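First to last, the sequence lines map onto chains A and B.
Here my numbering is used: the first residue of the first sequence is 895, the next is one more, and so on.
Here my numbering is used: the first residue of the second sequence is 4, the next is one more, and so on.
Some notes on the structure that comes next.
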Amino acid sequence: GQSLEQPSEVTAVEGAIVQINCTYQTSGFYGLSWYQQHDGGAPTFLSYNALDGLEETGRFSSFLSRSDSYGYLLLQELQMKDSASYFCAVRDGKGGGNKLTFGTGTQLKVEL
Amino acid sequence: NAGVTQTPKFRILKIGQSMTLQCTQDMNHNYMYWYRQDPGMGLKLIYYSVGAGITDKGEVPNGYNVSRSTTEDFPLRLELAAPSQTSVYFCASSDGLAGYEQYFGPGTRLTVT
C-alpha cells in the first residue's frame, strides 16, 4: 500500500519563502505530484517529479529524492492568495490506472 | 472547453435513499476517477476507469457503483445512503501519458441524514 506524511499546518508571512515536506512509503513509485486546493474549491495541479532533482514553475518549485522517499514543495515570494491546502500525491502506475494516492494535506496560512 | 463538470453541486439525502452523481469531461481523456474528501483530509479514490467499458475499484469502493459507457461520462451511484457517505465528491480525468496531472470537477457536497 501507500502512505504519505506531510505537516498539517504551516504559517508564513507575505513575501517569505516556505517549504512543505512530504515523505512517502509505497510499493510502486512512479512519481510525486503536488496539488493546491483553496477552501471550497477543487484541487488543481501544481507540479510533478518523476526523477531526482528540482522542478521550477514560476514562484513554485518541487524537489524529489527517490532514495530518501522524500519530496518538498517550495513557494517563494508568498502572496495572500497562496493561502490554501497543499497535497502531495504518489503516482502508482500499476494496473495502468495512473492512480494517485494523496496525503492528508498541509494548510498554508499567509499572514501580513 | 468546460473541462470536468459535475452535477449536482449540493444534495441532502435521507438514510437509505439512492442517487447518482454525474460527471462529464470534454477533453477526450481516457482516464477518469471518483474521489471523496472528508473534512480536513486528503482525497480517497473510490473508483476509476481507464476507458469506456473498463472500471476498477479504488481504496474505498464499498457502497458505490460506477459505469463508463462513453469516454465523456462517468457517473457514480450511491445505493442505500449512509451517514458515513457524507462527504465532498470529486470527479477527475487525465490523459493516459500524463496521469500525474488530473483535472478535477468542482465537486458535489453530499449530506446524508
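Ideal Cβ positions, reconstructed from N, Cα and C, are used throughout, including at glycine.
Predicted model, so just to flag it, every value in this text is computed and none were measured.
Mapping the DSSP letters down to three states, classify residue i as helix, strand or coil.
i: D933(A); result: coil
i: K17(B); result: coil
i: D986(A); result: strand
i: Y103(B); result: coil
i: L1006(A); result: coil
i: S902(A); result: coil
i: T111(B); result: strand
i: K993(A); result: strand
i: Q9(B); result: strand
i: T1000(A); result: strand
Assuming the contact rule is C-beta atoms closer than 8 angstroms, residue i and residue j should be a hit. Round their C-beta distance to whole Å, please.
i: Y34(B); j: G99(B); result: 6 angstroms
i: Q9(B); j: Q25(B); result: 7 angstroms
i: T74(B); j: V115(B); result: That pair is no contact at about 31 angstroms.
i: Y966(A); j: E104(B); result: About 19 angstroms; that fails the 8 angstroms criterion.
i: L48(B); j: K993(A); result: 6 angstroms
i: I911(A); j: L969(A); result: 7 angstroms
i: L113(B); j: L46(B); result: That belief does not hold up - the Cβ atoms of L113(B) and L46(B) are roughly 15 angstroms apart, past 8 angstroms.
Are the beta-carbon atoms belonging to residue i and residue j less than 8 angstroms from one another?
i: S52(B); j: R71(B); result: yes
i: Y924(A); j: D962(A); result: no
i: S959(A); j: D946(A); result: yes
i: V1004(A); j: A906(A); result: yes
i: G909(A); j: E971(A); result: yes
i: Y92(B); j: G110(B); result: yes
i: L948(A); j: F939(A); result: no
i: Y929(A); j: L898(A); result: no
i: P901(A); j: T1000(A); result: yes
Would you say residue i touches the ligand NAP, meaning its beta carbon is less than 7 angstroms from a heavy atom?
i: C916(A); result: The model on display carries no ligand, and the ligand NAP is accordingly not part of it.
At 3 residues or longer, what runs of the beta strand (DSSP E) sit wholly inside the segment 19–93 of chain B? 22–28, 34–40, 46–54, 57–60, 67–69, 79–81
Pair every Cβ in the segment 80–97 of chain B with every Cβ in the segment 17–37 of chain B, then say whether three or more of these pairs are closer than 8 angstroms. yes
Taking only runs of the alpha helix (DSSP H) that begin and end inside the segment 909–980 of chain A, which ones reach a length of at least 4 residues, in chain order? none
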